[in-house]
Amino acid sequence: GEVEELARIESGGRQLHLDDVDLGRVAEETAERLRPFAERQHVTIRTEVAADLPFVSGEAAQLGQVFANLIHNAVKFSPPDSSVVVSVRREADEVTASVADRGIGISAADLPRIFERFYKADRSRTSGGGTGLGLAIARHVVEGHGGRIVAESVEHEGATFIIGLPIAVSATSEPVHGA
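Here you go:
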């Protein structure tokens, strides 16, 4: 379960298997997988993925879990007939992805603590369920990939989670001529 997963990640007991990952594709596939769940909540998931994104270096399955967690939360806290927007684009030397909802938001008091283990802000307590570990796992995975994850929110106006991952070294090297 999530508790064992976090313990394993925290102890560094697992080496990442690094591949060139198309983060836009991971985001789109994860959004697609969660659409039936969103439809039951009367929420639309929109994806906005920039063309020609460079690869990031990492493990697609783990990064997919991060997206699944963020999108699932965003849908869960969204009012009916609203949208969750998942966008991926390049910014300088990283690929940034964001998951934005128009839900109840996160209070200023909770915002600095939401990535802590077992910390559950009021917005998750009200709807029950979950161990409060999802965001802690997301943070460990992203930081294990050399990236960063931040949350921005205005209470009652929604929340946006932003992930920044460094562009894969192979993607920044010069193309080989005459190969």
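Position 35 of the sequence shown, counting from 1, maps to 58 under the working numbering, and the rest follow consecutively.
C-beta: ideal position from N, C-alpha, C; glycine also.
These figures come from a predicted structure and were not determined experimentally.
What span of residues does the beta strand (DSSP E) with residue i cover, start to end?
{"i": "Pro189", "result": "181-189"}
{"i": "Ser80", "result": "79-81"}
{"i": "Ser11", "result": "A query on residue 11 cannot be resolved here, the shown segment of the chain reaching from 24 to 202 and no further."}
Find the nearest neighbour of residue i within the set the options, judged by alpha-carbon distance.
{"i": "Ala50", "options": "Arg63, Phe60, Pro59, Asn92", "result": "Asn92"}
{"i": "Glu58", "options": "Val107, Pro135, Val177", "result": "The sequence given here places Arg at residue 58; Glu does not occur at that position. The residue with the shortest Cα to Cα distance from Arg58 is Val107."}
{"i": "Thr119", "options": "Glu71, Ala97, Ala61, Ala182", "result": "Glu71"}
{"i": "His179", "options": "Ile172, Ala159, Gly128", "result": "Gly128"}
{"i": "Gly81", "options": "His40, Ser130, Ala159, Ala182", "result": "His40"}
{"i": "Pro135", "options": "Leu156, Pro103, Ser176", "result": "Ser176"}
Once DSSP output is grouped into helix, strand and coil, what is the label at residue i?
{"i": "Val199", "result": "Per-residue confidence for Val199 stands at a pLDDT of 49, beneath the threshold of 50, marking its modelled position as unreliable; the derived number appears in the next sentence. Three-state DSSP puts Val199 in coil, outside helix and strand."}
{"i": "Ser150", "result": "Annotation note: pLDDT 46 at Ser150 (below 50); position unreliable, no value reported."}
{"i": "Ser176", "result": "strand"}
{"i": "Ile94", "result": "helix"}
{"i": "Arg140", "result": "coil"}
{"i": "Glu71", "result": "strand"}
{"i": "Arg125", "result": "coil"}
{"i": "Gly169", "result": "coil"}
{"i": "Ser193", "result": "helix"}
{"i": "Ala120", "result": "strand"}
Name the two residues that bound the continuous alpha helix (DSSP H) containing residue i.
{"i": "Arg48", "result": "46-63"}
Exposed or buried, residue i, counting other C-beta atoms within 10 Å across all chains shown (16 or more means buried)?
{"i": "Leu46", "result": "buried"}
{"i": "Val109", "result": "buried"}
{"i": "Val192", "result": "exposed"}
{"i": "His168", "result": "buried"}
{"i": "Arg162", "result": "buried"}
Between residue i and residue j, which are expected to be in contact by the criterion C-beta below 8 angstroms, what is the C-beta distance as a whole number of angstroms?
{"i": "Val98", "j": "Phe60", "result": "6 angstroms"}
{"i": "Val164", "j": "Val89", "result": "5 angstroms"}
{"i": "Ile79", "j": "Pro189", "result": "At residue 79 the sequence reads Val, which differs from the Ile that was named. 7 angstroms between Cβ atoms; contact."}
{"i": "Ile185", "j": "Val173", "result": "5 angstroms"}
{"i": "Arg125", "j": "Ser101", "result": "6 angstroms"}
{"i": "Gly170", "j": "Gly187", "result": "5 angstroms"}
{"i": "Ala73", "j": "Arg113", "result": "6 angstroms"}
Please indicate yes or no: does the CB of residue i lie closer than 7 angstroms to some heavy atom of the ligand MG?
{"i": "Val98", "result": "This structure does not include the ligand MG; it has no bound ligands of any sort."}
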